[in-house]
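Participant: Counting from 0, one number per residue, gives the positions in the sequence shown under numbering that gives the first Met the number 0. The structure follows.
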Amino acid sequence: MNFAKNLIIGIFVIALSSGIFILLLQDQSVKESIFRSTLEMFGDDLLKMVPPGEQRDLLGKKIDEFIAKAEKNELSEKQVQVTVARGFNMQLSPEKPTPEEIHALFDVPPERSRPSEFDKPPRDKGRRTANEINEERVAHQVRKLMSINQDMRSLIQTDSAYKELSKYTMFVADSGLQVVIDPNFYQQRVLPHNPQLDRLWEELSKEEQTVVFHKFSEMPNIVEQALDVSAPFLPRNLRKIVINADISADSLHIDFSKFMSNPDSVKKMIEESMRILDELKVYQP
């Protein structure tokens with residue numbers, strides 16, 4: 000009698016454990032699927048900015064390669080976040096990016112080689128190692144900021160007066176993906192108010208983790224963050240000159256829009272950097 004009872008309990012425990020294990024695997028599969036679909040939506044939005052033809056086809060393949068590298072953890076979480084932040088800034092910029100600039104956005108070299116199956120240490124299914132991308136967190140951040148980005152672009156398309164909105168908005172990848180908003184555009188009624196803008200402001204005000212409010216002119220480290228996102232090629236010594244300069248919001252906007260270019264050589268990099276510094280008038284004797 001006890002044997003039969005113990006057997007039934009044992010079978011029940013095994014079945015329950017198997018069920019939990021299957022649910023964990025399914026949950027991980029769902030998270031990975033959401034991560035992929037989120038990056039695909041991000042890539043599709045940028046793909047639409049390139050006219051149909053060979054360049055768009057090549058860009059589509061490059062986006063697929065970027066997503067595959069992210070899924071295999073050949074890219075770091077930071078690399079994915081920086082790429083997304085750059086893409087959002089490109090979409091919001093009044094200066095439409097060239098196909099070459101969008102192509103260059105996805106030229107992200109693997110940060111580390113993917114270890115072979117024999118080199119991998121054993122780990123529990125469904126448990127993430129320290130250097131793996133947190134798919135759920137990144138997907139949530141990207142989707143949240145994608146919604147904000149789309150609302151802003153919709154507002155700009157509705158009324159050309161709102162093109163100035165891009166001067167007060169900056170997507171960054173500092174402590175995760177965030178959008179930095181200069182509140183002056185709303186609080187000082189720099190832009191004309193309408194119900195759509197009021198709804199956007201209300202939405203932004205509710206976001207505590209993904210939206211940061213600060214006046215650009217009073218936050219020098221924001222310049223540093225934006226340089227990291229928009230112009231990683233700029234030498235550190237030149238960055239310091241820009242950061243120490245008294246840069247207004249208008250100059251800041253010019254600064255970032257010019258940084259969307261991607262020099263393909265050291266010579267071009269230096270020429271571009273010097274031209275920007277000359278435009279900002281931050282040379283020091």
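Idealized CB from N, CA, C, for every residue including glycine.
Below 9 angstroms between beta carbons: does that hold for residue 74 and residue 39?
Facilitator: Not a contact, by the Cβ cut-off of 9 angstroms.
Participant: How is residue 189 classed by DSSP in three states: helix, strand or coil?
Facilitator: The answer is coil: DSSP assigns residue 189 none of H, G, I, E or B.
Participant: What does residue 62 pair with, by DSSP beta-bridge criteria?
Facilitator: None, per the DSSP bridge assignment.
Participant: What runs of the alpha helix (DSSP H), each 4 residues or longer, lie entirely inside the region 149 to 204?
Facilitator: Runs of the alpha helix (DSSP H) inside the region 149 to 204: 183 to 186.
Participant: In the DSSP assignment, find the unbroken beta strand (DSSP E) run with residue 212 in it and report its ends.
Facilitator: Looking at the DSSP string, the run of the beta strand (DSSP E) that includes residue 212 is 210 to 212.
Participant: Go to residue 52, then tell me how far its alpha helix (DSSP H) extends in each direction, as first and last residue.
Facilitator: Careful: residue 52 lies outside any alpha helix (DSSP H) and carries neither H nor E.
Participant: Might you give, ordered along the chain, the residues of its own chain that have their beta carbon closer than 8 angstroms to the beta carbon of residue 202, omitting 5 neighbours on each side?
Facilitator: Once the five neighbours on either side are set aside, the close Cβ partners of residue 202 are 147 and 150.
Participant: Give the straight-line distance between the Cα atoms of residue 77 and residue 44, rounded to the nearest whole angstrom.
Facilitator: In a straight line, the C-alpha of residue 77 is about 21 angstroms away from that of residue 44.
Participant: Just the Cα atoms here: how many angstroms apart are residue 209 and residue 141?
Facilitator: Whole-angstrom Cα-Cα distance: 10 angstroms.
Participant: Below 7 angstroms CB to CB, which residues in the same chain sit around residue 179 once its five sequence neighbours on both sides are set aside?
Facilitator: The residues are 169, 171, 211, 213 and 221.
Participant: Run the CB neighbour count on residue 80, radius 10 Å, all protein chains shown included, and call it buried at 16 or more, exposed below.
Facilitator: So residue 80 counts as buried.
Participant: Which same chain residues end up closer than 6 angstroms to residue 138 when comparing Cβ atoms and leaving out the 5 residues on each side of it in sequence?
Facilitator: Answer for residue 138: 33, 34 and 37, listed in chain order.
Participant: Since residue 163 contacts residue 199 with CB under 8 angstroms, what's their CB separation in whole angstroms?
Facilitator: With 8 angstroms as the limit, residue 163 and residue 199 do not qualify as a contact, their Cβ atoms being about 14 angstroms apart.
Participant: By how many angstroms is the C-alpha of residue 181 removed from the C-alpha of residue 105?
Facilitator: Computed Cα separation, rounded: 28 angstroms.
Participant: Would the beta-carbon of residue 154 fall within 9 angstroms of that of residue 83?
Facilitator: No; because the gap between Cβ atoms is not below 9 angstroms, this pair is not in contact.
Participant: Locate the alpha helix (DSSP H) running through residue 104, then write down its first and last residues.
Facilitator: It spans 98 to 104 - the alpha helix (DSSP H) in which residue 104 sits, taken as one unbroken run.
Participant: Taking the CB atoms as reference points, tell me whether residue 166 and residue 184 lie closer together than 9 angstroms.
Facilitator: Yes. Within cutoff.
Participant: Please look up how many angstroms separate the CB atoms of residue 107 and residue 41, rounded, as I've assumed it's under 8 angstroms.
Facilitator: That pair is no contact at about 13 angstroms.
Participant: Whole angstroms is fine: what's the gap from residue 229's alpha carbon to residue 193's?
Facilitator: Any reading at residue 229 must be qualified, since the residue scores a pLDDT of 46, below 50, and its modelled position is unreliable; no value is offered.
Participant: Quick check on DSSP: helix, strand or coil for residue 73?
Facilitator: Looking at residue 73 - three-state DSSP - the assignment turns out to be coil, as it is neither helix nor strand.
Participant: Please report how far the alpha carbon of residue 92 lies from the alpha carbon of residue 46, in whole angstroms.
Facilitator: Straight-line Cα distance between these residues: approximately 16 angstroms.
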